[in-house]
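Chemist: Its first residue numbered 0, the sequence shown is counted upward by one per residue in numbering that gives the first Met the number 0. A single structure is presented below for examination.
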Amino acid sequence: MSYFVYVLASRKHGTLYIGVTNNLARRVWEHREGIGSKFTKKYGVHRLVYAEPYEDIERAIQREKTMKEWPRVWKIRQIERDNPEWDDLYDKLNG
Numbered sequence: 000m001s002y003f004v005y006v007l008a009s010r011k012h013g014t015l016y017i018g019v020t021n022n023l024a025r026r027v028w029e030h031r032e033g034i035g036s037k038f039t040k041k042y043g044v045h046r047l048v049y050a051e052p053y054e055d056i057e058r059a060i061q062r063e064k065t066m067k068e069w070p071r072v073w074k075i076r077q078i079e080r081d082n083p084e085w086d087d088l089y090d091k092l093n094g
């Protein structure tokens, strides 16, 4: 089974949310539907801008915790390394 650490954004350089899941497409869909996270619903954080796969849940959870502690500039740098335009990657999950 694969696990993912993912970052959602409200817009480019907007509000960020970091999470971990074993089903990235389903979890992002839940965020978009406003279920599962009051934070993402309240702040309109629905754009998938970054995801990292892991085979081990403990490593994924540790990475999520580590990234949450990072300064904001590090999070932005991580996103922009792979996704400089902050494109929504959600459609690429299903197609």
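Heads up, the beta-carbon is just placed ideally off N, CA and C, and yes, glycines get one too. Nothing here was measured: the structure is a model prediction, and the numbers come from that model.
Let me check understanding here. Comparing Cα to Cα, which of E29, V72, S9 and N21 lies closest to I60?
Modeler: Selected option, being the one with the closest Cα: N21.
Chemist: Would G18 be called buried (16 or more neighbouring beta carbons within 10 Å of its own) or exposed?
Modeler: By the neighbour-count rule (16 or more Cβ atoms within 10 Å), G18 is buried.
Chemist: Let me confirm a value: E32 is counted as buried when at least 16 other C-beta atoms fall within 10 Å, else exposed. Which label applies?
Modeler: So E32 counts as exposed.
Chemist: Any idea if F3 is buried or exposed, counting beta-carbon neighbours within 10 angstroms, 16 or more meaning buried?
Modeler: With 16 or more other Cβ atoms within 10 Å, it is buried.
Chemist: Counting along the chain, where does the alpha helix (DSSP H) carrying R58 start and finish?
Modeler: Counting along the chain, the alpha helix (DSSP H) containing R58 begins and ends at I56 to E68.
Chemist: Which word fits V6, buried or exposed, when buried means at least 16 other C-beta atoms lie within 10 angstroms of its C-beta?
Modeler: Buried, because 16 or more other Cβ atoms sit within 10 Å of the Cβ of V6.
Chemist: Quick check on V4: does DSSP put it in helix, strand or coil?
Modeler: If DSSP states are grouped into helix, strand and coil, V4 belongs with the strands.
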